[in-house]
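Participant:
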Amino acid sequence: MEWLLSPEGALCLSCGRLRGQLSGLPLCPACARELVRAPYGRGMLCPRCKSLIRPGKPCAFCARDRDHLLGETFAPYRYHGAPRSLVLTLKFRGDARAAALLAPAMARSLRDPSAFDALVPVPLSAQRLRERGFNQARELAELVGVQTGLPVRDLLVRVRKTARQTDQRTLRERTLNVQDAFAPAPGASCQGKRLLLVDDVRTTGATVLSCARVLRQMGATEIGLLAACIAPGLIKGQKKVVGKVFRKGRR
Ligand SMILES: [Zn+2]
Ligand SMILES: [Zn+2]
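So the sequence shown is residues 412 to 662, counted in our numbering.
1. Could you tell me which of Thr615, Cys423, Gly556 sits nearest to Arg444, measuring between CA atoms?
2. Compute the distance between the beta-carbons of Val612 and Ala642, then report whether it is under 8 Å.
3. Would you call the CB atoms of Arg624 and Asp528 closer than 8 Å?
4. So which of Ala511, Ala507, Arg475, Tyr451 has the shortest CA-CA distance to Tyr490?
5. What's the gap between the Cα of Leu429 and the Cα of Ala493?
6. What do you reckon, is the C-beta of Arg613 under 7 Å from a heavy atom of ligand 2?
7. Which residues bound the beta strand (DSSP E) around Ala638?
8. Between the stretch 500-517 and the stretch 456-463, do at least 3 Cβ pairs fall closer than 8 Å?
9. Please specify which runs of the beta strand (DSSP E), each continuous and at least 3 residues long, are wholly inside the stretch 524-574, giving them in chain order.
10. Would the beta-carbon of Cys640 fall within 8 Å of that of Val498?
11. Counting only runs of 4+ residues fully inside the stretch 421-498, write out the alpha helix (DSSP H) ranges in chain order.
12. Whose C-beta lies closer than 6 Å to the C-beta of Gly635 among residues of the same chain, with five residues either side of it excluded?
13. Are the CB atoms of Pro487 and Met517 within a distance shorter than 8 Å?
14. For Thr581 and Arg477, what's the separation of their Cα atoms in angstroms?
15. Drop a sphere of 10 angstroms on the beta-carbon of Pro469, count the other beta-carbons inside from all chains shown, and report buried for 16 or more, exposed for fewer.
16. According to DSSP, simplified to helix, strand and coil, what is Leu607?
17. For Ala514, is the beta carbon positioned less than 7 Å from some heavy atom of ligand 1?
18. Residues with a Cβ closer than 6 Å to any heavy atom of ligand 2, in chain order?
19. Are there any heavy atoms of ligand 1 lying less than 7 Å away from the beta-carbon of Leu497, as far as the coordinates show?
20. Do Thr618 and Gln576 count as a contact pair if the criterion is CB distance below 8 Å?
21. Output the distance between the C-alpha atoms of Gly560 and Ala631, rounded to the nearest integer angstrom.
22. Quick check on Ala599: does DSSP put it in helix, strand or coil?
23. Taking Thr614 as the reference, which of Gly427, Leu463, Asp506 has the closest Cα?
24. Whole angstroms is fine: what's the gap from Leu530's alpha carbon to Leu480's?
25. For the putative contact between Leu626 and Leu566, defined by C-beta atoms under 8 Å, what is the C-beta separation to the nearest angstrom?
26. Following the continuous alpha helix (DSSP H) through Thr618, name the residue where it begins and the one where it ends.
This is the structure we're talking about:
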């Protein structure tokens, strides 16, 4: 009878439609199924970074990480459908129930948590944090930490307020936007540590590569990435696959 008392509770957190039968989850049956099945879509995936690759072609994302800053990427979902809606619900409506739905799948995608010493959320700028009131990457990291037993360490700060990555269309714009945007948090150290960066979505990877560079300079020996979703390679306004965007960015 929960929905009679609270109409909000009768709506699916992902698609906004009436939930119909009331399960324990704040989702309609279709969205709940999608979340469990975790369709990764068609196409071959790079085993290291989980980007879509063309058979026989090298992975454009891994090729870009020339300094081998980032090890393996773990992510349960592609950025579409129910998982994408939940990321947006978390980020822009601040609904913590969305994080609670995404985090268990993230923890499961991490086959061996003991391969890492700590979770490091990608930080927001102080101003963005004030505007939003929370850091969605940190919310996810906290919940994954509870499930895996890994501690959450705020090792990085965003020293330069950057424009929204979603407003940057090309890889070059995205890379320049986050260059030198991160620095070690005051007093932070991670000498010899194996760290897992945590973010909600990985698109071109410009943000996480920028974070990984700083963590390497701080002495981290290994850096992985745990994200809720991997964007399939499309950047807003561009109907191009990641590979093409990369080539465009290099010009
Ligand atoms: Zn739904
Ligand atoms: Zn790759």
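Where is the CB? At the ideal position from N, CA and C, for every residue including glycine.
Facilitator: Per the coordinate set shown:
1. Cys423
2. yes
3. no
4. Tyr451
5. 15 Å
6. no
7. From DSSP, the beta strand (DSSP E) with Ala638 extends over 633-641.
8. These segments do not touch.
9. 529-532, 567-569
10. yes
11. Contiguous alpha helix (DSSP H) elements confined to the stretch 421-498 occur at 440-448, 471-475, taking only those with 4 or more residues.
12. Gly482, Glu483, Leu607
13. yes
14. 19 Å
15. exposed
16. In this structure, Leu607 counts as strand in the three-state DSSP scheme.
17. no
18. Cys457, Arg459, Cys460, Ser462, Cys470, Phe472, Cys473
19. Result no, Cβ not under 7 Å from ligand 1.
20. yes
21. 20 Å
22. coil
23. Leu463
24. 16 Å
25. Between Leu566 and Leu626 the Cβ distance is about 7 Å, and since that is below 8 Å, they are a contact.
26. 617-628
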